[in-house]
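Below: one structure, written as C-alpha cells.
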Amino acid sequence: MSQDETVTVAEGEARASVVEGAPWWRQAAVYQIYPRSFADANGDGLGDLPGVTSRADYLERLGIDAVWLSPFYPSELADGGYDVADYRDVDPRLGTLADFDAMLDALHSRGIRVVVDIVPNHSSDRHVWFQEALAAGRGSAARERYIFRDGTGTDGAEPPSDWQSVFGGPAWERVADGQWYLHSFAVEQPDLNWSNPEVRADFVRTLRFWSDRGVDGFRIDVAHMLTKDLSEPLPSAAELELIPRDGDHPLLDRDDVHEVYAEWRAVFDSYDPPRTAVAEAWVDKARVPLYARPESLGQAFNFDLLEADFDAAQFRAVVQENLELAAASGSSSTWVLSNHDVVRHASRYGLPHPARTADGHPAQKHGSEWLLSGGTSPVLDREAGERRARAATLFVLALPGSSYLYQGEELGLHEVAEIPDAERQDPTFFRSRGAEIGRDGCRVPLPWEPSAETAFGFGSGGSHLPQPEWFGRSAVSVEEGDPDSTLSLYRRALELRHALQTAESLEWVETGRADVLRFRRPNGWEVVTNFGGSPFPLDRADAVVASVPLVEGALPADATVWFGPVALRVGAGRRPDRRSGLVPRLDGLVRDGLAS
Ligand code: NOJ
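Listed below in C-alpha cells is the structure:
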C-alpha cells in the first residue's frame, strides 16, 4: 500500500487507517537534545553523551521516535557548539567517539532513531583549516577554503563591505596580515567557501563518516546560506536588502545551493535505509519546497508556529498553508513550538500581548519587562502560559507530519529570565551589547530531581548556566509522580499518537466559533482546541486525552482534546510496539477493525 492510501472500515462504524511503507521520518515525533544541557554524567557542569545514554530509558518512556542532537563536536563554544572545530569527532568534554557509539546503540535498541546536526555554512576559527588559512597567508590555497578579501579605503583598513552579521556587528574581521574574512555569524565562525570543491568533498566525507557509524539522519544548519556570489563590486548592505530573494540573491537562498544537496542526496540514498535530512532554511515560503523536495534535503522546518500567537485564526492559516507547501514538495510538514533559538512556548503564551521584534520574531529584548523581572512579574502569566502550551502541543501532535519537540518542553518549562549578565553565553547578547538578551534562557540544564544540590539532578558538578529555584517544581521525578503533570500528558499523547497515526491529511470541521478549531484525520481521530475564553460544549463523550480535565462535557478555555477511533479507546494508554507502531493490545483490535 502506498503511504497515501487510507484503509477505511464500513460506513457507520469507526473508521481506521494505517500508513504502511511510509519512511519513518514523515510523521515522526523528534525530540531535540541540546547535549550540553541535558544530563551531565562526569560531573563537570556540562552535559555529555554518556549523560544522554544514562537517560535512554527516560527517552523511551517519553515515546518519541527519534532524537536530534544539537552539535556535540569539538568547539570553543563561541556559539553553543555551532562553531565546529572538527566535524568528525566528539568534544572531549562531551565524551568520545566510543561514547557516541554507545549512545547510538542505547537509543537504537530502544527503537529511537538518531539525527545529528551538520553546520556547513561556517566552521570554528579553531578548525585546522582556518588555522592553516591564517598561517598560509594571502593568495594561498588554504585561504580559498574560506572567504578572504582585501579591505577598502586607505591601506585596506576598511572592511570589503558594510555587511552586518546575523548576531550583530560587522560581518568582516581583519586578520594580522591585513586581509578580511567573512563571518555571517560570530567572529569565531568564518564562512566556508562552497565554490571550492575541496570544501564540498570534505562535507561528503563527514556525511559518510556519521552515516557509516549508523546515524539515521541530519539536521542542516542554515541550509539556505552555503553558496554565495561574491563577484566584485560587492553590493552595500542597503543594496542587498533590495535584491529579490528569488534564487539569484548574492548571499541567501541561491538556486545553486541545490547542486550541493543533489550531491548529498546521492550520499543519503547510497545507504539502506536512506539517510534523511531536514533543512533549517529561513526562506520565502514559496521556496521552502525546493529544500523539502525528495531530490534535495527531503524535509524542511516550518517555523511559522514560533511566530504565531496562541490564536485560532493564525494556527489554522499556518496549518493550511504548510500542508499545501508540504504537498507541493512531496515531503511532509514539520511542526515546531520551541527550540534552542527561541523563547520557550510556555512563556511566549503567558504574555498578555505577545511581544515581538520589528520583523515579527518572538521578543527576546533585554529591556522587556517580563525578562528583566526574572519571569516572576505579573506581566507574565505563568499558569496561562503553561495551559496554552499544553493545548498547543496537543494540537500539533495530532497534525499530519513530523513534530519536533525541544528538551524540557515536556516538563512545561518556562524560559529562564533571571540569568545575570555576567553568566550569559550567547554571542547575540555580547555582539548586540546587551540589546538582545539572547538564547540562554531556553538552554538552562534540565531539572531531573527537585533538589538544587545536584544541580536538580543534572549532575554533581553544578550547571554551566544558572538554574532558578522554581526548576525544582518541574523536575522529572516530581512530574513522573503526578498524573496531571505536563510530562504525563506528553507521555500519554505520544503513546496514543503511535496508535492513532494515519494518512497525511486532515479535514477541518466547522465549530461555529471563530476561537475554536476542530479537525479530523482520515481514521476518525478528531481534535478540538479552544483558543478562546469560554468553554466549548462537546458533542462527543469519548475523549482519549485532554490537556486539562473536561468540565461537564465542555472543553475549557485554552485547552485541546483528542477523540480516537472506537477501537483505540479499549486499550488507550498502553505502550506502542516499536515494530508495528501500534499499542500492543490494540494491534489486533485495529487490524481486526480494518479487516472487517
Ligand atoms: C542556526 C542555529 O539554530 C543557531 O543556534 C546558530 O546560532 C546558527 N544557526 C549559526 O550556526
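To convert a position in the sequence shown, counted from 1, into this note's numbering, add 93. Quick reminder that beta carbons are idealized off the backbone N, C-alpha and C, glycines included.
Would you kindly check if the distance between the Cβ of A159 and the Cβ of S217 is under 7 Å?
In this structure, A159 does not lie closer than 7 Å to S217 by Cβ.
Candidates L187, V259, A250: which alpha carbon is nearest H215's?
Cα-wise, what sits closest to H215 is V259.
Alpha carbon to alpha carbon, how far is A374 from R358? Give it in angstroms, no decimals.
Spanning the two alpha carbons is a distance of roughly 17 Å.
Got a sec? Which residues, its chain only, sit under 6 Å from A439 by beta carbon, not counting five neighbours each side?
Once the five neighbours on either side are set aside, the close Cβ partners of A439 are G478, E479, A482, G505, H507.
Give every residue of the same chain whose Cβ lies closer than 6 Å to the Cβ of G307, excluding the five residues on either side of it in the sequence, and list them in chain order.
Closer than 6 Å at Cβ, skipping near neighbours: L197.
Can you list, in chain order, the residues of its chain whose CB lies under 8 Å from that of S544, leaving out five sequence neighbours each side?
So the qualifying residues of the chain are G550, G565.
Would you say the beta carbon of D218 comes nearer than 6 Å to a heavy atom of the ligand NOJ?
No; taking the cut-off as 6 Å, the Cβ of D218 has no heavy atom of the ligand NOJ nearer than that.
Count the other CB atoms, across all protein chains shown, that sit within 10 Å of the CB of A122; report buried if there are 16 or more and exposed otherwise.
The residue in question, A122, is buried, as its Cβ has 16 or more Cβ neighbours within 10 Å.
Could you spell out where the alpha helix (DSSP H) holding Q413 opens and where it closes?
405-422 is the extent of the alpha helix (DSSP H) around Q413.
In this structure, does DSSP put V644 in helix, strand or coil?
In this structure, V644 counts as strand in the three-state DSSP scheme.
So is L335 buried or exposed if we call it buried at 16+ other beta carbons inside 10 Å?
Exposed.
In the region 121-208, which residue ranges form an unbroken alpha helix (DSSP H) of at least 4 residues, counting only runs that do not cross its ends?
Counting whole runs of 4 or more residues, the region 121-208 contains the alpha helix (DSSP H) stretches 142-147, 149-155, 190-201.
Taking the C-alpha atoms as reference points, what is the distance between Q125 and S556?
Cα to Cα, Q125 sits roughly 19 Å from S556.
Is the beta carbon of R206 less than 7 Å from the beta carbon of E153?
For R206 and E153, no; Cβs fall outside 7 Å.
Apart from the five residues on each side of it in sequence, which residues of its chain come closer than 7 Å, Cβ to Cβ, to L582?
R483, S640, listed in sequence order.
Using DSSP bridges, identify the partner residues of Q771.
Here the chain comprises residues numbered 94 to 689, so residue 771 is not present and cannot be evaluated.
Take the Cβ of S627 as the centre, count every other Cβ of all protein chains shown within 10 Å, and call the residue buried at 16 or more, exposed below.
With fewer than 16 Cβ atoms within 10 Å of its Cβ, S627 is classed as exposed.
To the nearest angstrom, report how far apart F612 and D322 are at their CA atoms.
Each residue's alpha carbon lies about 45 Å from the other.
Just to confirm the assignment, what range does the alpha helix (DSSP H) spanning L580 have?
Here the alpha helix (DSSP H) through L580 covers 579-593.
With DSSP as the reference, label E113 as helix, strand or coil.
Note: E113 maps to coil in three-state DSSP.
Do you know offhand how far D194's Cα is from F311's?
So the alpha carbons of these two residues sit roughly 16 Å apart.
Cβ atoms of L587 and G156: under 7 Å apart, would you say?
Closer than 7 Å, so yes.
How about V315: is its Cβ closer than 6 Å to a heavy atom in the ligand NOJ?
Flag set: Cβ of V315 near the ligand NOJ.
Please report the Cβ distance between Y499 and S431, rounded to the nearest whole angstrom; I am assuming they are in contact, meaning their Cβ atoms lie under 8 Å.
At roughly 4 Å, the Cβ-Cβ gap stays under 8 Å, so Y499 and S431 are in contact.
Between L465 and R517, what straight-line distance do the alpha-carbon atoms span, to the nearest angstrom?
Because L465 sits at a pLDDT of 35, beneath the cut-off of 50, its placement in the model cannot be relied upon, and the point is left open.
What residue does the beta strand (DSSP E) around W273 start on, and which one ends it?
Residues 273-275.
Comparing alpha-carbon positions, which option in Y442, R614, S130, R368 lies nearest V472?
Of the listed residues, the one whose Cα sits closest to V472 is Y442.
Quick check on this structure: which residue in Y175, E225, L344, T189 has the alpha carbon closest to the alpha carbon of D210?
Considering only alpha carbons, the answer is Y175.
According to DSSP, what are the bridge partners of A652?
DSSP, once it has assigned bridges, lists N623 as partnering A652.
Looking only at its own chain, which residues have a Cβ that is under 6 Å from the Cβ of K458, when we skip the five neighbours before and after it?
Its pLDDT being 41, under 50, K458 is placed unreliably in this model, and the value from its coordinates should be taken loosely. Same-chain partners within the cutoff: there are none.
Would you call the region 266-273 in contact with the region 225-235, where contact means no fewer than 3 C-beta pairs closer than 8 Å?
Contact between the region 266-273 and the region 225-235 is present, because at least three Cβ pairs lie under 8 Å.
What residue from D309, I512, E356, K378 has the CA that sits closest to P366's CA?
Closest option to P366, Cα to Cα, is D309.
Between V654, P630, D341, A636, which lies nearest to E645 when the distance is taken from Cα to Cα?
The option with the nearest alpha carbon to E645 is P630.
Check the DSSP bridge columns for H215 and list the partner residues they point to.
D284.
Using CA atoms only, rank isn't needed, just tell me which of V353, L333, S168 is closest to P290.
When only C-alpha atoms are compared, the closest one is V353.
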